[in-house]
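Trainee: Can you keep this structure in mind? I'll have questions shortly.
Residue numbers (my numbering), protein chains in the order written: chain Z, 101 to 385; chain S, 16 to 238.
Rendered as structure tokens:
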């Protein structure tokens with residue numbers, strides 16, 4: 101009966117449901133972006149942190165010997181789990197995106213690359229550089245720090261932006277629900293007057309509005325969340341798209357996180373409507 | 016029960032009521048009369064704390080109104096039934112739900128038979144499911160009386176309850192209010208209808224208060 105004391109319809113009903121649905125839909129994407137960015141940052145960070153490359157630049161007749169020297173040096177270096185020289189095919193594949201297929205790699209003065217897999221704990225980078233300088237002057241150690249850091253920072257910032265977007269969406273939804281609640285309270289000023297005349301307390305009147313707006317937000321957010329999750333599900337798969345977009349979506353238990361959005365929307369609507377209702381009721385005195 | 020001590024009420028720079036001192040004793044029956052705009056409705060609003068005095072003390076059930084919290088005022092209003100000339104209902108709810116509204120907002124329930132008896136007493140027994148906009152002026156006034164008494168208040172305040180109805184209906188409404196007074200309710204009716212007051216005098220020992228020059232006086236026998 102408490103709900104029924106407020107007239108059942110009005111533009112604010114549709115507005116609240118639509119707003120909650122839209123915000124939940126956007127929040128699903130922001131959440132997917134934040135989670136994907138986090139995974140990307142972790143992947144780049146972990147994947148690159150455990151590997152390094154030695155680039156050997158030497159005249160063609162000395163290349164094999166210097167490569168051998170570097171591999172022998174690495175085999176006696178503590179903290180190096182394994183090391184191997186990339187084959188011509190592997191180097192050709194690395195260059196293919198820039199130079200195209202059928203690159204005559206043997207005819208070009210391309211440095212030889214040696215891949216190092218780091219053990220735990222890792223090797224002493226500075227010590228290794230000094231040994232390389234002494235025994236294989238054409239070999240330069242690249243531990244990926246130079247380009248790993250900006251990538252990781254970029255991914256971390258993307259995650260941060262995703263989380264900020266969620267907060268902004270929550271704030272916008274709270275503002276919209278507050279406006280809608282204020283409009284509903286103003287529209288129903290006569291109803292409030294009657295309720296007060298017969299002895300209704302502010303908390304009773306507020307609850308009638310709060311319950312209604314909370315349920316509308318819950319229903320709208322549930323619809324928006326389901327549509328958002330379906331949209332994320334429909335994104336191209338990793339195999340089809342490649343690149344950064346491969347990770348945009350939810351994985352495993354991550355699919356449960358969007359399900360928190362409808363109850364969160366309900367809590368926000370509850371708090372926003374309650375705040376607006378009590379403030380408006382004091383004004384209407 | 017309701018006491019005014021040297022009460023004044025000002026609005027928009029002008030004083031509507033001044034130096035009002037009176038007491039409504041339990042079980043009493045009062046009329047409040049005076050010309051339109053004299054301050055009858057303002058006085059009634061002071062009686063159920065919709066307005067607060069700008070000077071003096073209004074005491075409701077032994078508590079000064081200024082000391083009442085918003086919740087206290089709501090609880091106090093459950094002891095005061097109010098009937099307005101332009102009575103307001105929740106138009107989307109049927110008559111029965113409107114009449115039981117004072118019980119609903121105080122989380123109490125009424126039995127179906129009690130409600131049927133009450134609606135029958137005010138002559139609306141067949142209209143429980145009707146929506147308020149479909150009611151006539153007299154039916155709305157009787158519904159307002161039913162709503163005012165359903166919670167068993169100590170006091171009933173009626174502001175021009177016969178203003179929108181014909182003479183026959185006015186007498187019927189008056190009879191209902193007199194019956195309530197015989198049940199022990201304190202009644203205060205604000206009206207400018209002197210014929211209604213004269214009709215009541217034959218049914219009940221009513222005192223007549225008159226607002227003149229912003230003050231409330233006990234009227235003489237000329238009424």
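Idealized CB from N, CA, C, for every residue including glycine.
Tell me residue 239 of chain S's beta-bridge partners as DSSP assigns them.
Mentor: Nothing can be reported for residue 239 of chain S, as the shown portion of chain S is limited to 16 through 238.
Trainee: Given a cut-off of 9 Å on the beta-carbon distance, is the pair residue 58 of chain S and residue 219 of chain S in contact?
Mentor: Here residue 58 of chain S is taken as the residue at index 43 of the second chain, counted from 1. Here residue 219 of chain S is taken as the residue at index 204 of the second chain, counted from 1. Cβ atoms of residue 58 of chain S and residue 219 of chain S: not closer than 9 Å.
Trainee: Is the Cβ of residue 341 of chain Z closer than 9 Å to any Cβ of chain S?
Mentor: As a position in the first chain, residue 341 of chain Z is number 241, starting the count at 1. Per-residue confidence for residue 341 of chain Z stands at a pLDDT of 46, beneath the threshold of 50, marking its modelled position as unreliable; no derived number is given.
Trainee: By the 10 Å Cβ neighbour count, where 16 or more other Cβ atoms means buried, how is residue 228 of chain S classified, buried or exposed?
Mentor: As a working note, residue 228 of chain S is residue 213 in the second chain. Classification for residue 228 of chain S: exposed.
Trainee: Just how far apart, CA to CA, sit residue 137 of chain S and residue 98 of chain S?
Mentor: Stepping through the second chain from its first residue, residue 137 of chain S is reached at position 122. Stepping through the second chain from its first residue, residue 98 of chain S is reached at position 83. Taking the straight line from one Cα to the other gives about 14 Å.
Trainee: Alpha carbon to alpha carbon, what distance is there between residue 202 of chain S and residue 41 of chain S?
Mentor: As a position in the second chain, residue 41 of chain S is number 26, starting the count at 1. As a position in the second chain, residue 202 of chain S is number 187, starting the count at 1. Roughly 9 Å between the two C-alpha positions.
Trainee: Measuring alpha carbon to alpha carbon, tell me which residue in S/222, S/38, S/121 and S/24 is nearest residue 69 of chain S.
Mentor: Stepping through the second chain from its first residue, residue 69 of chain S is reached at position 54. Considering only alpha carbons, the answer is S/24.
Trainee: Quick check: the Cα distance between residue 159 of chain S and residue 173 of chain S, rounded to an integer number of angstroms?
Mentor: One-based indexing of the second chain puts residue 159 of chain S at position 144. One-based indexing of the second chain puts residue 173 of chain S at position 158. So the two alpha carbons sit approximately 10 Å from each other.
Trainee: State the CB to CB distance for the pair residue 259 of chain Z and residue 138 of chain Z, rounded to an integer number of angstroms; the pair is presumed to be in contact (CB under 8 Å).
Mentor: Position 159 of the first chain, counted from the first residue, corresponds to residue 259 of chain Z. Position 38 of the first chain, counted from the first residue, corresponds to residue 138 of chain Z. Right, their Cβ atoms sit about 5 Å apart.
Trainee: Below 8 Å on the Cβ atoms is my guess for residue 12 of chain S versus residue 93 of chain S; work out the distance and round it to an integer in Å.
Mentor: Here chain S has residues from 16 to 238 only, and residue 12 of chain S is not among them.
Trainee: Given residue 161 of chain S, which residues of its chain have a CB within under 8 Å of its CB, disregarding the five upstream and five downstream residues?
Mentor: Counted from its first residue, the second chain places residue 161 of chain S at position 146. Answer for residue 161 of chain S: 114, 133, 134, 136, 137 and 139, listed in chain order.
Trainee: Based on DSSP bridge pairs, tell me the residues matched to residue 217 of chain Z.
Mentor: Position 117 of the first chain holds residue 217 of chain Z. Beta-bridge pairing links residue 217 of chain Z to Z/151 and Z/182.
Trainee: Is the separation between the beta-carbon of residue 200 of chain S and that of residue 181 of chain S shorter than 9 Å?
Mentor: To locate residue 200 of chain S, count along the second chain from 1; it is residue 185. To locate residue 181 of chain S, count along the second chain from 1; it is residue 166. No, Cβ-Cβ distance for residue 200 of chain S and residue 181 of chain S is not below 9 Å.
Trainee: Please go through the same chain and pick out, in chain order, the residues whose beta-carbon is closer than 6 Å to the beta-carbon of residue 174 of chain Z, but skip the five residues on each side of it.
Mentor: For the purposes of this step, residue 174 of chain Z is taken as residue 74 along the first chain, with counting starting at 1. Only 180 and 183 meet the Cβ criterion.
Trainee: Within the chosen definition, does the region 274 to 288 of chain Z reach the region 372 to 381 of chain Z through at least 3 CB pairs nearer than 8 Å?
Mentor: They touch, by the three-pair rule.
Trainee: Considering only residues of the same chain and omitting the five flanking positions on each side of residue 106 of chain S, which have a CB-CB separation below 8 Å?
Mentor: Here residue 106 of chain S corresponds to residue number 91 of the second chain, with the count starting at 1. Same-chain partners within the cutoff: 146, 147 and 148.
Trainee: Using 9 Å as the threshold, is the C-beta distance between residue 321 of chain Z and residue 123 of chain Z below it?
Mentor: As a position in the first chain, residue 321 of chain Z is number 221, starting the count at 1. As a position in the first chain, residue 123 of chain Z is number 23, starting the count at 1. A contact, by the Cβ cut-off of 9 Å.
Trainee: Count the other CB atoms within 10 Å of the CB of residue 305 of chain Z; is the residue buried (16 or more) or exposed (fewer)?
Mentor: As a first step, residue 305 of chain Z must be located in the first chain, where it is residue number 205. With 16 or more Cβ atoms within 10 Å of its Cβ, residue 305 of chain Z is classed as buried.
Trainee: Just verifying my parser: in three-state terms, what is the DSSP assignment at residue 17 of chain S?
Mentor: Your numbering for residue 17 of chain S matches position 2 in the second chain. If DSSP states are grouped into helix, strand and coil, residue 17 of chain S belongs with the strands.
Trainee: Compare the Cα-Cα distances from residue 176 of chain S to each of S/71, S/211 and S/75 and report the closest residue.
Mentor: Counting from 1 along the second chain, the entry for residue 176 of chain S is found at position 161. Per the Cα distances, S/211.
Trainee: Which residue marks the beginning of the alpha helix (DSSP H) containing residue 209 of chain S, and which one marks its end?
Mentor: Here the question's residue 209 of chain S lines up with position 194 in the second chain. Where residue 209 of chain S is concerned, the enclosing alpha helix (DSSP H) stretches over 209 to 216.
Trainee: I'd like to check one pair, residue 116 of chain S with residue 310 of chain Z: are the Cβ atoms closer than 9 Å?
Mentor: Taking the first chain and counting its residues from 1, the one referred to as residue 310 of chain Z is at position 210. Taking the second chain and counting its residues from 1, the one referred to as residue 116 of chain S is at position 101. Contact: no.
Trainee: List the residues of chain A that residue 116 of chain S touches, going by C-beta distances under 7 Å, in chain order.
Mentor: The question asks about chain A, but that chain is absent: this structure's protein chains are Z and S.
Trainee: Kindly indicate if chain Z contains any beta-carbon less than 9 Å away from that of residue 204 of chain S.
Mentor: As a first step, residue 204 of chain S is located in the second chain; it is residue number 189 there, counting from the start. Chain Z contact via Cβ: absent.
Trainee: Between which two residues does the beta strand (DSSP E) holding residue 174 of chain S run?
Mentor: For the purposes of this step, residue 174 of chain S is taken as residue 159 along the second chain, with counting starting at 1. Per DSSP, residue 174 of chain S belongs to the beta strand (DSSP E) from 170 to 174.
Trainee: Identify whether residue 269 of chain Z lies in helix, strand or coil by the three-state DSSP scheme.
Mentor: Your numbering for residue 269 of chain Z matches position 169 in the first chain. The answer is helix: DSSP assigns residue 269 of chain Z an H, G or I state.
Trainee: Alpha carbon to alpha carbon, how far is residue 209 of chain S from residue 36 of chain S? Give it in angstroms, no decimals.
Mentor: As a position in the second chain, residue 36 of chain S is number 21, starting the count at 1. As a position in the second chain, residue 209 of chain S is number 194, starting the count at 1. Each residue's Cα considered, the two are about 23 Å apart.
Trainee: Just the chain Z side, please: which residues come within less than 9 Å of residue 121 of chain S by C-beta, in chain order?
Mentor: Numbered from 1 along the second chain, position 106 holds the residue referred to as residue 121 of chain S. Within 9 Å Cβ-Cβ: 298, 299, 300, 301 and 304.
Trainee: Kindly list, in the order they appear in chain S, the residues whose Cβ is closer than 8 Å to that of residue 294 of chain Z.
Mentor: Taking the first chain and counting its residues from 1, one reaches residue 294 of chain Z at position 194. Under the 8 Å cutoff, chain S gives 103, 104, 105 and 116.
Trainee: Let's see if you can read the secondary structure: which residues bound the beta strand (DSSP E) around residue 202 of chain S?
Mentor: Within the second chain, the letter at position 187 stands for residue 202 of chain S. Note, residue 202 of chain S: beta strand (DSSP E), 201 to 205.
Trainee: In this structure, does DSSP put residue 93 of chain S in helix, strand or coil?
Mentor: Numbered from 1 along the second chain, position 78 holds the residue referred to as residue 93 of chain S. Reduced to three states, the DSSP call for residue 93 of chain S is coil.
Trainee: Is the Cβ of residue 86 of chain S closer than 9 Å to any Cβ of chain Z?
Mentor: Residue 86 of chain S sits at position 71 when you count from the first residue of the second chain. Chain Z, which has a Cβ nearer than 9 Å to the Cβ of residue 86 of chain S, makes this yes.
Trainee: Measuring only the C-alpha atoms, how far is residue 238 of chain Z from residue 146 of chain Z?
Mentor: Numbered from 1 along the first chain, position 138 holds the residue referred to as residue 238 of chain Z. Numbered from 1 along the first chain, position 46 holds the residue referred to as residue 146 of chain Z. Cα to Cα, the separation comes out at about 28 Å.
Trainee: Suppose the cutoff is 8 Å on Cβ atoms and the five residues either side in sequence are ignored; what does the same chain contact list for residue 340 of chain Z look like?
Mentor: The sequence position of residue 340 of chain Z within the first chain is 240, counting from 1. Because residue 340 of chain Z carries a pLDDT of 49, less than 50, the predicted location of this residue cannot be relied on, and no value is offered for it.
Trainee: So what does residue 30 of chain S bridge to, in DSSP terms?
Mentor: Indexing the second chain from 1 puts residue 30 of chain S at position 15. S/25.
Trainee: List the endpoints of the continuous beta strand (DSSP E) containing residue 240 of chain Z.
Mentor: One-based indexing of the first chain puts residue 240 of chain Z at position 140. That run of the beta strand (DSSP E) goes 239 to 242.
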